[in-house]
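The structure appears below as structure tokens.
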Amino acid sequence: MPNELEEWQVAEHKAFAVESRDIDYLAALLGSLLSSVPLAIGVATGHRTLGLFASLGGLNVALGLSSGSRTTRLKWGFLAFVGSTIGVALATLIHNSTWLSVVVTLLWVGCWALLRVLGPAGILVAFINSAVFIIVNGQSAGLSDVIPRTAAYAVGGAIALVPILLIVRPRPENEVWSNTVEWSKIKTAVTSWNPVRRHALRAGIIVGLGTALYRIFNVTQGYWIPLSTVAVIQPDGNSTRTRALQRALGTLAGVAIAAVVVAFTHSEVVLVLCVFLCSGALFALKDRGYHWLVILLTPTVIFMLSAVTFEGWQLIQARVVDNAIGIALALAVVEIWDRLFQRTHDAR
1 MPNELEEWQV AEHKAFAVES RDIDYLAALL GSLLSSVPLA IGVATGHRTL
51 GLFASLGGLN VALGLSSGSR TTRLKWGFLA FVGSTIGVAL ATLIHNSTWL
101 SVVVTLLWVG CWALLRVLGP AGILVAFINS AVFIIVNGQS AGLSDVIPRT
151 AAYAVGGAIA LVPILLIVRP RPENEVWSNT VEWSKIKTAV TSWNPVRRHA
201 LRAGIIVGLG TALYRIFNVT QGYWIPLSTV AVIQPDGNST RTRALQRALG
251 TLAGVAIAAV VVAFTHSEVV LVLCVFLCSG ALFALKDRGY HWLVILLTPT
301 VIFMLSAVTF EGWQLIQARV VDNAIGIALA LAVVEIWDRL FQRTHDAR
């Protein structure tokens, strides 16, 4: 018990450690425009869903651009753009098949998790491409939606790629690791039994379980379960606990922000304006710590979804409950997995 308590205390300390970095106001302005303008156009023209997908494209591709040289940033941004766009098409195509969704989610998340071996930029792109797939797979869709939704996402992502790449200056403190991308490490991670491959296998299985859970039991807004799981799961138990604390408390704070707004208004104009403000704050503060990313990404996505189909308190309640289930699933499986692995290792 004392060891477990100490581990949680260490995790809590890491969860709320703030990195000292300046606010990038230009990135904040561009990020807010790329995340809200396509949505505003969709709402104004009556094409809300397409506006939502275009905004998701702008938001996620902009988040996927790392620091470093322009060439390196282009590589990561292009990988985020292509990977998430394919994810949108694939997730929409298989939406109506429960078991196909489970199997493809397992493979998709597991494969992208291998990018962890390439460092922070790889971890971020892996999360973005996995999260986009999970979110889109959780939206009602038919075969006729594949092309228009994929095209809308691609347009939003392509528009985001250019201005962020050309206008926003990279942070110099990150150039050392971000300019040196050893792609050969992925082959090594795949061909040998190592922590990264073990993590990729575990991540795919746990997120697949979360997808099966909400599909089988028809959980309202259930895609938040695997989405929370993929955000929390880390290669080791202590890091997973850190992420769990950040995710849980960050989500509560983000939901509180959204709840204040949806309690008083259904106005689409207000909701789009909230997307503008929250996404701007997200791009301004995301480099200061993961908890800021969670706190601000949560209301941004809630406001986006509410501007398309207003569900009010139902969406917020589902967000809190499903997030808790996803976190609990990740913690439970990681704890059991690590204990079994340790016993096997000790037995040898």
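When you line the sequence shown up against UniProt numbering, it's residues 1 to 348, in that order.
Beta carbons are placed, not taken as given, at the ideal position from N, Cα and C, and that holds for glycine.
In angstroms, rounded to a whole number, what distance separates the CA positions of residue i and residue j?
| i | j | result |
| --- | --- | --- |
| D338 | G237 | 7 Å |
| M1 | E335 | The predicted position of M1 is uncertain, since its pLDDT is 42 and thus under 50; a value taken from the coordinates is nonetheless stated next. Rounded to the nearest angstrom, the two C-alpha atoms are 14 Å apart. |
| S306 | T300 | 10 Å |
| I205 | L106 | 6 Å |
| S101 | K187 | 27 Å |
| A44 | A113 | 38 Å |
| A284 | G57 | 19 Å |
| T150 | V88 | 6 Å |
| R241 | T229 | 12 Å |
| R197 | A189 | 6 Å |
| L227 | R70 | 31 Å |
Quick check: is any heavy atom of the ligand ZN less than 7 Å from the C-beta of residue i?
| i | result |
| --- | --- |
| V275 | The model on display carries no ligand, and the ligand ZN is accordingly not part of it. |
Near residue i, what residues of its chain come up, given a Cβ to Cβ distance below 8 Å and the 5 sequence neighbours on each side ignored?
| i | result |
| --- | --- |
| F303 | A258, V261, L271, V272, C274, V275 and C278 |
| A40 | G51 and V272 |
| V176 | Low confidence applies to V176: its pLDDT is 43, below 50, so where it sits in the model is not reliable enough to give any reading. |
Looking only at C-alpha atoms, which of the options sits nearest to residue i?
| i | options | result |
| --- | --- | --- |
| L209 | A284, I233, G57 and I147 | I233 |
| V61 | A44, T85, T49 and T72 | T85 |
| I164 | E311, A330, V321 and G31 | G31 |
| A203 | P235, V82 and Y153 | P235 |
| A154 | L50, R343, T240 and A113 | L50 |
| A141 | T98, R116, G122 and I128 | T98 |
| L63 | T72, I94, F81 and R70 | F81 |
| N137 | T265, H47 and V104 | V104 |
| T118 | L29, I167, W224 and K185 | According to the sequence as given, residue 118 is Leu; it is not Thr. Ranking the options by Cα distance to L118, first place goes to K185. |
| G289 | L124, F78 and R116 | L124 |
For the alpha helix (DSSP H) holding residue i, just list the boundary residues, first then last.
| i | result |
| --- | --- |
| H199 | P195 to I216 |
| V82 | R70 to L93 |
| T240 | G237 to V262 |
| I159 | V146 to I167 |
| residue 377 | Residue 377 lies beyond the residue range present for the chain, which begins at 1 and ends at 348; the question has no answer from this structure. |
Are the C-beta atoms of residue i and some chain C residue less than 8 Å apart?
| i | result |
| --- | --- |
| C278 | Given the protein chain composition of this structure (a single chain), no chain C is represented. |
Could you name the residues of the same chain whose beta carbon sits closer than 6 Å to that of residue i, not counting the 5 residues immediately before and after it, in chain order?
| i | result |
| --- | --- |
| L59 | S35 |
| V333 | I206 |
| A281 | L296 |
Within its chain, find whatever has a CB closer than 7 Å to the CB of residue i; leave out the 5 residues flanking it on each side and keep chain order.
| i | result |
| --- | --- |
| W224 | A318, R319, D322, N323 and G326 |
### Runs of alpha helix (DSSP H) wholly within the segment 268-306 (minimum 4 residues, chain order)
Look at the segment 268-306 and you find these whole runs of alpha helix (DSSP H), each 4 residues long or longer: 268-285.
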